[in-house]
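All you need for our numbering is the position in the sequence shown, starting with 1, plus 27.
Note that beta-carbon positions come from the ideal geometry of N, C-alpha and C, so glycine has one too.
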Amino acid sequence: MILNEHQAVLSPRILLVPYSEHHVPTYHEWMQDEDLRKATASEPLTIDQEHAMQKSWREDADKLTFIVCQPPPASPDSTQIEKITQGNEDSPDAMFGDVNLFLYTDDDDDDESTEQESTEDAQAVLGEVEIMIARKDQQGKGLGREILIPFLWYVVHSCSTIMNQYHTGISSGKSKNTLKYLRVKIGAENARSVRLFESVGFKKISETPNYFGELELRWLIDEGALKRLVECLGAIPRVLEYA
């Protein structure tokens, strides 16, 4: 998505930067790990295919992707940081994962919602969230929650722009799009990930796994979402220039 091409998100423990061309070699190296590919349901790609995918994801209106990095070293004036420099704060040594939002037209509205959306001439959209901590030395540190909260904050904070870009790139025949909810699909045996998403308000739609052995959890976006996320994080994330 073009939206975040020049935007980074900074929180006390995490820096999110747009997935850019100079990240591809490190990302490609991560994905040589068979266990990681299995966990993310990814196919092995050549480096050229990875570059093509990065370019596609940058331009696609239905994908929002950030690379997760360690934040810049703390300093007395760190709150005055206004710009993240490509290849500096997001060097290979700082990178350790990614977080994504995939947008889909919601074709499963119930009758009441369908009638309401039709009246407003708006197409309901849902977003699916995925987090990957690729580096083993960063796993098991509770960083999943530290990644998830700033990312959700950015999605809610930028929701109107995200929907405008989606509407421009993905025609639905309606006059606008509305983001109805976010969801995540997690293997039923992965209790740790289930607890992670539940800790920020995602709720299971059923206790019974689907055909693929996954539980689906959903997070409704309402007027109090930003405030709750800030309370969970204990800080307000900052959107910075990325160049």
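Cβ distance (whole Å) where residue i is taken to contact residue j below 8 Å
i, j, result
"G124", "I174", "7 Å"
"L267", "L37", "6 Å"
"V182", "L128", "6 Å"
"Y269", "I94", "Not really, about 11 Å apart at Cβ, beyond 8 Å."
"T53", "P99", "18 Å between Cβ atoms; not a contact."
"K90", "M190", "Not confirmed; about 14 Å, so no contact."
"E77", "V51", "5 Å"
Residue i to residue j span [Cα, whole Å]
i, j, result
"H184", "L253", "7 Å"
"D135", "L256", "27 Å"
"R162", "L153", "29 Å"
"S233", "S202", "33 Å"
"G200", "D87", "19 Å"
"A218", "V156", "17 Å"
"F224", "Q59", "27 Å"
"G261", "K230", "22 Å"
"K207", "I176", "18 Å"
"G171", "R222", "11 Å"
"K247", "T205", "Checking the sequence, you will find Leu at residue 247 rather than Lys. Whole-angstrom Cα-Cα distance: 12 Å."
"T141", "C96", "Unreliable placement is indicated for T141, whose pLDDT of 43 sits below 50; the coordinate value is still reported in the next sentence. Straight-line Cα distance between these residues: approximately 40 Å."
"P39", "K65", "31 Å"
"P103", "G169", "With a pLDDT of 49 at P103, under the threshold of 50, the predicted position of this residue should be treated as unreliable, though the coordinate-derived value follows. So the alpha carbons of these two residues sit roughly 26 Å apart."
Burial state of residue i (16 or more Cβ within 10 Å)
i, result
"F239", "exposed"
"T235", "exposed"
"P71", "exposed"
"H49", "exposed"
"R195", "One point to set straight first is that residue 195 is Thr, not Arg, in the sequence displayed. Exposed."
"E116", "buried"
"Q192", "buried"
"A68", "exposed"
"L42", "buried"
"A79", "exposed"
"I213", "buried"
"P264", "buried"
"Q81", "buried"
"D164", "exposed"
"D133", "buried"
"D138", "Note that D138 scores 42 on pLDDT, short of 50, meaning its location in the model is unreliable; the coordinates nonetheless yield the value given after this. Result: exposed."
DSSP state of residue i mapped onto helix, strand, coil
i, result
"L224", "It is Phe, not Leu, that sits at residue 224 in the sequence shown. Helix."
"N191", "helix"
"G240", "coil"
"N31", "helix"
"E268", "strand"
"Y181", "helix"
"A79", "helix"
"Y208", "strand"
"E216", "coil"
"T53", "helix"
"R245", "strand"
"L256", "helix"
"D60", "coil"
Own chain, CB closer than 6 Å to residue i, minus 5 neighbours either side, in chain order
i, result
"A215", "P236, G240, L242"
"L179", "L256"
"E144", "With a pLDDT of 44 at E144, under the threshold of 50, the modelled position of that residue is not reliable, and the figure given next carries that caveat. Excluding positions up to five away in sequence, the list reads A151."
"T188", "L30"
Nonlocal neighbours in the same chain, by C-beta distance under 8 Å from residue i, ignoring five residues either side
i, result
"L63", "W57, S69, M159, A161"
"D148", "K201, S202, K203"
"S198", "none"
"G114", "H49"
"G228", "W246, R255"
Residues near residue i by beta carbon distance below 7 Å, same chain, minus five either side
i, result
"Q166", "I160"
"L130", "D89, V152, G154, Y193"
"W84", "Y46, K90, T92"
heavy atom of the ligand HEM below 7 Å from residue i C-beta
i, result
"L267", "For the structure depicted, the ligand HEM is absent and the ligand set is empty, with no information on it obtainable."
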